[in-house]
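S.K.:
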Amino acid sequence: MKICDFLDPAHLVVDITEPTRRGVFRQILAKVRDHLPAGIQPEELADRLEEEEVLQASCVDSLIAVPHLRVPGLDCTLVAVGKTLDPFVYDAASQLRINLIFLVLSPEEETGRQLRLLARLSRICHEGEFARRALSVHDSDALYTLIEEEDWRHI
Numbered sequence: 349m350k351i352c353d354f355l356d357p358a359h360l361v362v363d364i365t366e367p368t369r370r371g372v373f374r375q376i377l378a379k380v381r382d383h384l385p386a387g388i389q390p391e392e393l394a395d396r397l398e399e400e401e402v403l404q405a406s407c408v409d410s411l412i413a414v415p416h417l418r419v420p421g422l423d424c425t426l427v428a429v430g431k432t433l434d435p436f437v438y439d440a441a442s443q444l445r446i447n448l449i450f451l452v453l454s455p456e457e458e459t460g461r462q463l464r465l466l467a468r469l470s471r472i473c474h475e476g477e478f479a480r481r482a483l484s485v486h487d488s489d490a491l492y493t494l495i496e497e498e499d500w501r502h503i
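Residues in the sequence shown are numbered from 349 upward in steps of one, following my numbering.
#1: Using the rule of at least 16 other Cβ atoms within 10 Å of the residue's Cβ for burial, across every protein chain shown, is GLY460 buried or exposed?
#2: Can we say the segment 458-475 touches the segment 398-405, given the rule of at least three CB pairs closer than 8 Å?
#3: Quick check: the Cα distance between PRO357 and GLU496, rounded to an integer number of angstroms?
#4: Residue range of the beta strand (DSSP E) that PHE436 falls in?
#5: Decide if the segment 449-459 is in contact with the segment 370-378; the criterion is three or more beta carbon pairs, one per stretch, under 8 Å apart.
#6: Between which two residues does the beta strand (DSSP E) holding VAL419 run?
#7: Taking THR432 as the reference, give the member of HIS359, GLU475, ARG418, PRO367 with the closest Cα.
#8: Using a Cβ-Cβ cutoff of less than 6 Å, which residues in the same chain neighbour ARG418 once the five nearest sequence positions on both sides are dropped?
#9: What does DSSP give as the partner residue(s) for CYS473 in the beta ladder?
#10: For ALA394, does the count of other Cβ atoms within 10 angstroms reach 16, so buried, or fall short, so exposed?
#11: I'd like to know whether the C-beta atoms of HIS383 and LEU426 end up nearer to each other than 9 Å.
#12: Please classify LEU360: is it buried, with 16 or more other beta-carbons within 10 angstroms of its beta-carbon, or exposed?
#13: Beta carbon of ILE472: closer than 8 Å to some heavy atom of the ligand SAH?
#14: In terms of residue numbering, what span does the alpha helix (DSSP H) encompassing ALA358 cover?
#15: Give the straight-line distance between the Cα atoms of GLU458 and ASP487, rounded to the nearest whole angstrom.
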């Protein structure tokens with residue numbers, strides 16, 4: 349299982365200027381709007397993600413977070429990636445500031461696949477070099493290429 353099996357290059361946003369977690373979620377979710385089940389809006393999922401992250405922030409390291417959500421009626425697991433221009437406070441309790449979010453949306457019944465994907469993302473994101481390199485790219489094609497390279501390196 350590779351990250352790029354679930355990540356469409358069109359689902360990357362690299363120029364996010366929104367200073368709030370909910371706002372960042374909304375910008376990332378706007379990229380996958382066409383893949384969401386009928387009747388589910390990106391704003392609704394952003395609110396659900398915000399509620400989950402208030403309870404337990406999903407930060408992988410000091411620069412990266414991997415929030416995840418099961419979505420009723422979703423056809424397949426999706427990964428979307430957002431990179432902010434400036435770090436923003438992701439976890440108010442710890443004042444942890446991040447720049448990169450890997451958002452994982454899964455059908456309700458795909459618990460095992462979601463867990464394997466989250467474990468893979470965690471392994472890749474814990475590479476200090478990956479975070480540094482990811483923050484140095486400034487366009488979505490370059491970020492996708494970097495993720496793809498890391499994906500193959502960790503097989």
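Even for Gly, the Cβ is constructed at its ideal location relative to N, Cα and C. Predicted model, so just to flag it, every value in this text is computed and none were measured.
M.R.: So, from the data block:
#1: exposed
#2: no
#3: 10 Å
#4: 426-439
#5: yes
#6: 416-419
#7: PRO367
#8: SER454, GLU456
#9: According to DSSP, CYS473 bridges with nothing at all.
#10: buried
#11: yes
#12: buried
#13: The model depicted lacks the ligand SAH and carries no ligand whatsoever.
#14: Segment 355-364 is the beta strand (DSSP E) holding ALA358; no alpha helix (DSSP H) there.
#15: 31 Å
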